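What follows is a set of notes on a single structure, which appears directly below.
Listed below in structure tokens is the structure:
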């Protein structure tokens, strides 16, 4: 409790671990709440939770409550899953795919991710998972970073087409991207152009400084 109170004045680190995938992972008390950070960016809770909460607001909490299943690619500490369960009261199935087993270990210990009954965690590569899964989803949340870097495959036709195939009609994609320079912004404009009239695409720039959100609805 003392650390929580002191964190309103200065961040207090309580756990640090080196990870082969994400390099440095840190759990810190900041402004009265626990957050998970990588070396150069917030990974869960803190600003990232605010970013994805905004995206879920754009889609609509009431609409999401009516969904049957959600796929989260890139779990980290599980802040978006906590938003789904605690704030939106989503009771359908959530599947979370995370490459870094160390992150899930931290998420279970410090953020209680393993206490969520309607959550299934898959430790593995998101690209491989979407190739193998036979399910279709009402909402697909893509939040994949290695520190401040986004893998190129997220923006390639094969991945985009496969995600679109896995999405149910009237379902949504929520895609969190980072735009640090002009090249990133051009990449995002090119990504937006990959969707035809069967999709309603909205882009929300400048969400928490360097993040740009996409919401994509499958119309038919």
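Numbering (the UniProt record's numbering), first residue to last: 1 to 220. For glycine and all other residues, C-beta sits at the position ideal for the given N, C-alpha and C. Please read these numbers as outputs of a predicted model, since none were measured by experiment.
Counterpart residues of residue i in DSSP-defined beta bridges
i           : result
residue 4   : Paired residue(s): none; residue 4 is not in a bridge.
residue 19  : 23
residue 30  : 33
residue 175 : 142 and 214
residue 73  : 97 and 142
residue 149 : 146
residue 85  : DSSP, once it has assigned bridges, lists no residue as partnering residue 85.
residue 200 : 217
C-beta contact flag for residue i and residue j at 8 Å
i           : j           : result
residue 102 : residue 19  : yes
residue 166 : residue 130 : yes
residue 176 : residue 71  : no
Residue span of the beta strand (DSSP E) that contains residue i, given as start and end
i          : result
residue 34 : 33-37
Residue i, buried or exposed, once every other Cβ within 10 Å from all chains shown has been counted against 16
i           : result
residue 200 : exposed
Residue interval of the alpha helix (DSSP H) (run including residue i)
i           : result
residue 119 : Residue 119 -> not in any alpha helix (DSSP H); beta strand (DSSP E) instead, spanning 119-123.
residue 186 : 182-192
residue 80  : 79-82
residue 157 : 157-166
residue 127 : 126-132
residue 61  : 61-65
**Touch test, the segment 188-197 against the segment 89-97, Cβ-Cβ under 8 Å, three pairs minimum** = no
**Message:** Quick check: the segment 72-85 against the segment 110-128, are at least 3 beta-carbon pairs closer than 8 Å?
**Reply:** yes
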